[in-house]
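Residue numbering for the sequence shown is 1186 to 1450, as defined by my numbering.
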Amino acid sequence: MASDSQERRPRLRIDIITLFPEYFAFPLKVGPVRRAIEHGTLEVNLLDLRSFADSPKEVDDYPYGGGAGMVLKPEPIVRAIESVHTPESLVILFSPQGERLNHERVKDLAGRRHLILICGRYKGVDERVRRWVDLEISIGDYVLSGGEPAALVLLDAVARWLPDSLGDKDSALTDSFETGLLDAPLYTRPPEFRGLKVPEVLRSGNHAEIRRWRRKQALLRTLLRRPDLLETQPLSEEDQRLLQEALEEFQQASGEEPRPKEEGP
Ligand code: ADE
């Protein structure tokens, strides 16, 4: 039998090293993150980087060799890491140079026991910090003013995979990317809004037809918006039939050849 202390241990502990602990105050109180914390499956600790510096002002300095912007000093960051590090820890640095965060990585991280997240700021962190880092993550090809928004993105996405974090227990399993397809369109009341009607099938009560319609729409959307997702998974014969049907309907309704959306701005 598990001892008391084992039972109370959260499934995942996340330590966040940041210059702005207050940044996280509200997001920890909403949605899946809040629920996972309340159910004890997730524990989040905020480590104020300044409290690991020799003085509160000594967290950053000018870059050797000159250039614009300040660099986060190595000593406070490494002290903060070492204050919580265990053999189960995975140390993650957020930076635009990291591996792009995706669905597979989120699931991998949700299965770990302890994550230590380092939020960079200013121009970046001293290169020597990377010796203590296991994984560098970027949330996209653009530059943020710090790693905090990236840490929130990761926290939210990971919390969805922890037990009891979702109101509707099945919804992480039916999310886009888990099914390999984008979601089908969603509708709620009213049945008609400014002349726009909810598709009849969704109001028919025929669950087999509804499932078929949703699958068809999900396939069509994925083909039009993210054809790359279809390249990695072979479609069943039934899916190929549905997609063909969807394309013909799309063509009839719009009078145009369906083609993938253009990429980029
Ligand atoms: N810090 C600055 N830009 C970032 C990005 N795109 N992803 C993660 N961390 C970052």
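For glycine and all other residues, C-beta sits at the position ideal for the given N, C-alpha and C.
Own chain residues within Cβ distance below 8 angstroms of residue i, not counting five before or after
i: tyrosine 1372; result: Val1383, Pro1384, Leu1387
i: arginine 1193; result: Gly1225
i: methionine 1255; result: Asp1245, Asp1246, Tyr1247, Pro1248, Tyr1307, Lys1308
i: valine 1310; result: Val1256, Leu1257, Pro1259, Ile1262, Leu1278, Ser1280, Ile1303
i: glycine 1352; result: Arg1220
i: arginine 1284; result: Reading off the sequence, residue 1284 comes out as glutamate, not arginine. Counting only Cβ-Cβ distances below 8 angstroms, and skipping sequence neighbours, we find Arg1290, Leu1320, Glu1321, Ile1322, Ser1323.
i: arginine 1315; result: Leu1278, Glu1321
i: serine 1389; result: Ile1395
i: alanine 1253; result: Lys1308
i: lysine 1292; result: Trp1346
Spatially closest choice to residue i from the options, by CA coordinates
i: arginine 1399; options: Phe1378, Leu1367, Glu1422, Leu1414; result: Leu1367
i: leucine 1337; options: Gly1283, Gly1352, Phe1279, Val1328; result: Phe1279
i: leucine 1404; options: Asp1245, Phe1378, Asp1293, Gln1425; result: Gln1425
i: leucine 1257; options: His1270, Lys1242, Leu1408, Ala1210; result: Lys1242
i: proline 1419; options: Gly1365, Leu1381, Phe1209; result: Gly1365
i: isoleucine 1324; options: His1270, Thr1203, Leu1286; result: Leu1286
i: isoleucine 1277; options: Leu1339, Gly1250, Asp1239, Gly1252; result: Leu1339
i: alanine 1342; options: Cys1304, Gly1305, Arg1290, Asp1326; result: Arg1290
i: phenylalanine 1205; options: Gly1305, Pro1376, Glu1228; result: Gly1305
i: alanine 1369; options: Pro1375, Ala1295, Leu1409, Val1269; result: Leu1409
i: leucine 1427; options: Arg1345, Gly1390, Pro1212, Gln1402; result: Gln1402
i: arginine 1220; options: Arg1374, Pro1376, Ala1357, Arg1345; result: Arg1345
i: leucine 1294; options: Val1269, Glu1321, Val1314; result: Glu1321
i: threonine 1417; options: Glu1377, Ala1431, Phe1362; result: Phe1362
i: threonine 1203; options: Ser1356, Ala1238, Glu1422; result: Ala1238
i: aspartate 1360; options: Glu1377, Asp1349, His1288, Glu1267; result: His1288
i: valine 1215; options: Arg1313, Asp1326, Ser1350; result: Ser1350
Contact set for residue i: own chain, Cβ-Cβ below 7 angstroms, skip 5 residues either direction
i: glycine 1440; result: none
i: leucine 1411; result: The residue you asked about is not leucine; residue 1411 is arginine in the sequence shown. Closer than 7 angstroms at Cβ, skipping near neighbours: Leu1367.
i: valine 1328; result: Pro1281
i: glutamate 1394; result: Val1386
i: threonine 1407; result: Leu1366, Leu1367, Leu1414, Leu1415
i: leucine 1347; result: Arg1196, Leu1197, Ala1221, Thr1226, Leu1227, Ala1295
i: glycine 1250; result: none
i: glutamate 1434; result: none
i: glutamate 1273; result: Arg1298, His1299
i: glutamate 1430; result: Lys1401
Cβ neighbours of residue i in the same chain (closer than 6 angstroms, five flanking residues each side left out)
i: valine 1263; result: Trp1317
i: leucine 1275; result: Arg1297, Leu1300, Asp1319
i: asparagine 1230; result: Asp1200
i: glutamine 1437; result: none
i: arginine 1198; result: Glu1228, His1299
Near the ligand ADE, which residues have their beta-carbon closer than 6 angstroms to a heavy atom?
Phe1279, Ser1280, Pro1281, Gly1305, Ser1323, Ile1324, Gly1325, Tyr1327, Val1328, Leu1329, Gly1332, Ala1335
Are the region 1332 to 1339 and the region 1228 to 1242 touching, with three or more C-beta to C-beta distances below 8 angstroms?
no
Any chance you could list the alpha helix (DSSP H) runs of at least 4 consecutive residues sitting entirely within the region 1311 to 1367, in chain order?
1333 to 1344, 1356 to 1359
Kindly provide the ranges of any beta strand (DSSP E) runs that are 3 or more residues long and lie completely inside the region 1366 to 1398, ordered along the chain.
none
Start-end ranges of the beta strand (DSSP E) lying completely within the region 1194 to 1275, minimum 3 residues
1197 to 1203, 1227 to 1233
Pick out the complete beta strand (DSSP E) segments inside the region 1285 to 1311, 3 residues or longer, and give them in chain order.
1299 to 1304
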